[in-house]
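Participant: Can you read through this structure? Questions will come right after.
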Amino acid sequence: MNLTEALTDLFSSPGPHLLAIDGPAGSGKSTLAKELFLYFSTTRDVNLLGLDDIYDGWENALGQQLTEDLERISQAHQNQGAFSIDIYNWSTSSFSEVREIKPKEIFIIEGVGSAQEIIRAHKAITIWMDIDPTLGMERVLERDGHHIAEQMKAWQELQSEHFAHSGARENADFIITTA
Numbered sequence: 225m226n227l228t229e230a231l232t233d234l235f236s237s238p239g240p241h242l243l244a245i246d247g248p249a250g251s252g253k254s255t256l257a258k259e260l261f262l263y264f265s266t267t268r269d270v271n272l273l274g275l276d277d278i279y280d281g282w283e284n285a286l287g288q289q290l291t292e293d294l295e296r297i298s299q300a301h302q303n304q305g306a307f308s309i310d311i312y313n314w315s316t317s318s319f320s321e322v323r324e325i326k327p328k329e330i331f332i333i334e335g336v337g338s339a340q341e342i343i344r345a346h347k348a349i350t351i352w353m354d355i356d357p358t359l360g361m362e363r364v365l366e367r368d369g370h371h372i373a374e375q376m377k378a379w380q381e382l383q384s385e386h387f388a389h390s391g392a393r394e395n396a397d398f399i400i401t402t403a
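Per this note's numbering: the sequence shown = residues 225 to 403.
And the structure:
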């Protein structure tokens, strides 16, 4: 059974369904999330949120505010209620837009920190994407530009600290190693 078949089977029970794709930077979370969004959108109503849109910059991305936002998002999804989220503008280093999210059957959340305990408590299906840190760094710099190299070094440390306590990998329903 491949991943889409396994998820289709899991999504066959009454919803709503929450899917979190977590793992280190450069591991392929965004790519997988987009592929799953496209796949399931052919037959289901699906939302997709990349945490890059709601992180509070580089330094505060994985803090208490993210946990509170994920609690609010997952609670609204579980209750099938609409909600709004503040969108972070990386160019201005500020929140500069509000996005309204309407309830749908499946909600995919991807990004570092997406499968933390607060999400798992809402019966989310979780995927952990694994990658060698050096390769992950190369992928990110190739994708986003070498001008963020210093921020990415600090980010790798921050995400490692977060993962050491989050239990995301240890509690993942699926683990995928990318190379």
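The C-beta atom is built at its ideal place from N, Cα and C for all residues, glycine as well.
Could you name each continuous beta strand (DSSP E) segment of 3 residues or more that falls completely within the segment 359-403, going from the start of the chain to the end?
Facilitator: Within the segment 359-403, the complete beta strand (DSSP E) runs of at least 3 residues are 398-401.
Participant: Between which residues of its own chain and S393 is the CB-CB distance below 6 Å, once the five residues before and five after are set aside?
Facilitator: In the sequence shown, counting from the first residue as 1, residue 393 sits at position 169. In the sequence under discussion, the amino acid at residue 393 is Arg, which differs from the Ser named in the question. Here the set comprises W352.
Participant: What did DSSP end up calling A244 once you bin it into helix, strand or coil?
Facilitator: In the sequence shown, the residue the question calls residue 244 occupies position 20. Correct three-state label for A244: strand.
Participant: Look at the alpha carbon of T291 and the alpha carbon of F307, and state the distance between them as a whole number of angstroms.
Facilitator: Counting from one through the sequence shown, the residue named residue 291 turns up at place 67. Counting from one through the sequence shown, the residue named residue 307 turns up at place 83. Distance between the alpha carbons of T291 and F307 is about 16 Å.
Participant: Answer yes if the segment 251-270 comes into contact with the segment 298-306, meaning at least three C-beta pairs across the two stretches below 8 Å, and no otherwise.
Facilitator: No, because fewer than three Cβ pairs between the segment 298-306 and the segment 251-270 fall closer than 8 Å, the two stretches do not touch.
Participant: Just list the beta strand (DSSP E) runs in the segment 257-333, keeping only unbroken ones of 3 residues or longer that don't cross its boundaries, in chain order.
Facilitator: Within the segment 257-333, the complete beta strand (DSSP E) runs of at least 3 residues are 270-274, 307-313 and 318-325.
Participant: On the criterion of 16 or more Cβ atoms from any shown chain inside 10 Å, does Q383 qualify as buried, or is it exposed?
Facilitator: Mapped onto the sequence shown, residue 383 falls at position 159. Classification of Q383: buried, given that the 10 Å Cβ count is 16 or more.
Participant: From the DSSP output, which residues share a beta bridge with T350?
Facilitator: As a working note, residue 350 is residue 126 in the sequence shown. According to DSSP, T350 bridges with A244.
Participant: Taking the beta carbon of H241 as the centre, do at least 16 other beta carbons fall within 10 Å, making it buried, or is it exposed?
Facilitator: Locating residue 241 in the sequence shown gives position 17, counting from the first residue. H241 comes out buried.
Participant: Quick one: any contact between the segment 348-362 and the segment 244-257, if contact means 3 or more CB pairs under 8 Å?
Facilitator: Verdict: yes, contact present.
Participant: Select from Y279, F398 and F261 the residue whose C-alpha is nearest the C-alpha of L272.
Facilitator: Numbered from 1 along the sequence shown, position 48 holds the residue referred to as residue 272. Ranking Y279, F398 and F261 by Cα distance to L272 puts F261 first.
Participant: Would I330 and G239 qualify as a contact pair, given that the criterion is a beta-carbon distance under 8 Å?
Facilitator: Along the sequence shown, read from residue 1 onward, the residue named residue 330 stands at position 106. Along the sequence shown, read from residue 1 onward, the residue named residue 239 stands at position 15. For I330 and G239, yes; Cβs fall inside 8 Å.
Participant: Is there contact here, the segment 293-300 with the segment 226-233, by at least three beta-carbon pairs under 8 Å?
Facilitator: With the cut-off at 8 Å, the segment 293-300 and the segment 226-233 do not touch.
Participant: Less than 8 Å between the C-beta atoms of G369 and D276, yes or no?
Facilitator: To locate residue 369, count along the sequence shown from 1; it is residue 145. To locate residue 276, count along the sequence shown from 1; it is residue 52. No, these two residues do not count as a Cβ contact at 8 Å.
Participant: Is it right to say H386 is buried, meaning 16 or more other beta carbons lie within 10 angstroms of its own, or is it exposed?
Facilitator: The residue labelled residue 386 in the question sits at position 162 within the sequence shown. Under this definition H386 is a buried residue.
Participant: For V364 versus G250, is the C-beta spacing smaller than 8 Å?
Facilitator: Within the sequence shown, numbered from 1, the residue matching residue 364 stands at position 140. Within the sequence shown, numbered from 1, the residue matching residue 250 stands at position 26. Yes, these two residues count as a Cβ contact at 8 Å.
Participant: Out of Q380, F319 and K258, which has the shortest C-alpha to C-alpha gap to I332?
Facilitator: Taking the sequence shown and counting its residues from 1, the one referred to as residue 332 is at position 108. Closest by alpha carbon: K258.
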